[in-house]
Amino acid sequence: MSRKKNILVTGADGFVGRALIKKLPKIQNNIFPVSRGDGDLADKKFCRKIVKDTDTVYYLAGFRKNVAVHTREPFTALSGNVLPLISFLEEVKKSKVKTIIYTSSTHVEYGLVGDNMDGYVLGKYMNELILKSFAKETGIDVKIVRYAAIYGPGNSFDPKISNIIPSLIVKAVEAKDKITIWGKGSRKMQFIYIDDVVRTLIKVSKSNGNFFIVGNRETISIIDLVKKILKLMKKNLKIERDLSKPDKATKLSTFDAHLKARVNLDKGLKETIMDYKKSYA
Numbered sequence: 001m002s003r004k005k006n007i008l009v010t011g012a013d014g015f016v017g018r019a020l021i022k023k024l025p026k027i028q029n030n031i032f033p034v035s036r037g038d039g040d041l042a043d044k045k046f047c048r049k050i051v052k053d054t055d056t057v058y059y060l061a062g063f064r065k066n067v068a069v070h071t072r073e074p075f076t077a078l079s080g081n082v083l084p085l086i087s088f089l090e091e092v093k094k095s096k097v098k099t100i101i102y103t104s105s106t107h108v109e110y111g112l113v114g115d116n117m118d119g120y121v122l123g124k125y126m127n128e129l130i131l132k133s134f135a136k137e138t139g140i141d142v143k144i145v146r147y148a149a150i151y152g153p154g155n156s157f158d159p160k161i162s163n164i165i166p167s168l169i170v171k172a173v174e175a176k177d178k179i180t181i182w183g184k185g186s187r188k189m190q191f192i193y194i195d196d197v198v199r200t201l202i203k204v205s206k207s208n209g210n211f212f213i214v215g216n217r218e219t220i221s222i223i224d225l226v227k228k229i230l231k232l233m234k235k236n237l238k239i240e241r242d243l244s245k246p247d248k249a250t251k252l253s254t255f256d257a258h259l260k261a262r263v264n265l266d267k268g269l270k271e272t273i274m275d276y277k278k279s280y281a
């Protein structure tokens, strides 16, 4: 009988981490979840302890709030993502770790221009470069997966950290007669449902290659996304456009054909809305 793999999951109490741990095959693997409450990844002693005897790492940890915080405090967001990874990798270098799987974002393809700098996106991009250089120097198999905007049950509806879909669901629930969007709402976006994220993360761990871009090929404008959410929630609200706020430019990604998303936006939104109602109704 072959030895079980030891799999370390950092950021285990986060949205993706919680979902991944539920689905990782436990018959073939020993799963070791690590979250912020267990220790600080900027602490080398802690990192040394958790990488000991580890075969595979899912590095999901990171500093994340929301876009407003990331742009207002870009250095805090950047350093909060980059410094712990460097500390962690310095200990991985001395260990027997064979594979690191890192979750990045498609936002790094277009989110690094202009004065409105997003420190979270910049941190993701810098971490990609750090991991590529680390792989070249050490020979450790590093796999970077850029995901479209992730959503689904288990996502936070807290306005301090929520992304666009849970934020719009909360606004629709709380609104009395109207919901306001920035600009004309013409910007198009791409998303990926949490189940597809978990499934592809597990598949990537067994795949050849070191760089992947994953998302649902469906695209939708902000205004149409709002309309879809309101329809699914049976909310008859006026949509007001705040033209004093700019529309972000549409930037779409090309996704890997062999890592197709299976859950369409309608089904994913229904499940996310149901999750909100179960949790907060």
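Take the sequence shown: its position 184, counted from the start at 1, is 184 in UniProt numbering, and no numbers get skipped.
Glycine included, C-beta positions come from ideal geometry on N, C-alpha and C.
None of these values were measured; they are calculated from a predicted model.
Where the alpha helix (DSSP H) containing residue i begins and where it ends
i           : result
residue 48  : 44 to 51
residue 343 : Any question about residue 343 goes unanswered here, given that the chain covers just 1 to 281.
residue 109 : Neither: residue 109 is in no alpha helix (DSSP H) and is coded neither H nor E.
residue 266 : 265 to 280
residue 16  : 15 to 23
Reference residue i, options the options, closest by Cα
i           : options               : result
residue 23  : 203, 168 and 84       : 203
residue 164 : 151, 176, 143 and 175 : 151
residue 7   : 44, 96 and 87         : 96
residue 181 : 160, 168 and 241      : 241
residue 90  : 140, 71 and 72        : 140
residue 247 : 272, 80 and 183       : 183
residue 270 : 250, 59, 234 and 244  : 234
Beta carbon of residue i nearer than 7 Å to that of residue j
i           : j           : result
residue 149 : residue 229 : no
residue 119 : residue 74  : yes
residue 226 : residue 239 : yes
residue 30  : residue 52  : no
residue 108 : residue 124 : yes
residue 220 : residue 185 : no
residue 67  : residue 103 : no
residue 92  : residue 58  : no
residue 46  : residue 154 : no
residue 20  : residue 78  : no
Exposed unless 16 or more other CB atoms sit within 10 angstroms - verdict on residue i
i           : result
residue 64  : buried
residue 211 : exposed
residue 274 : exposed
residue 264 : exposed
residue 27  : exposed
residue 105 : buried
residue 127 : buried
residue 257 : exposed
residue 177 : exposed
residue 268 : buried
residue 12  : buried
Residue interval of the beta strand (DSSP E) (run including residue i)
i           : result
residue 88  : Segment 74 to 92 is the alpha helix (DSSP H) holding residue 88; no beta strand (DSSP E) there.
residue 224 : Element bounds for residue 224: not the beta strand (DSSP E) but the alpha helix (DSSP H), 222 to 232.
residue 8   : 5 to 10
residue 143 : 141 to 147
Residue i CB to nearest heavy atom of the ligand FAD below 6 Å
i           : result
residue 190 : Questions concerning the ligand FAD fall outside what the structure shown contains, since it holds no ligand whatsoever.
Beta carbon proximity, residue i to chain D, threshold 7 Å
i           : result
residue 151 : Here chain D cannot be found, since the structure has a single protein chain.
Runs of beta strand (DSSP E) lying entirely within the stretch 149 to 230, each at least 3 residues, in chain order
149 to 151, 178 to 182, 191 to 193 and 211 to 214
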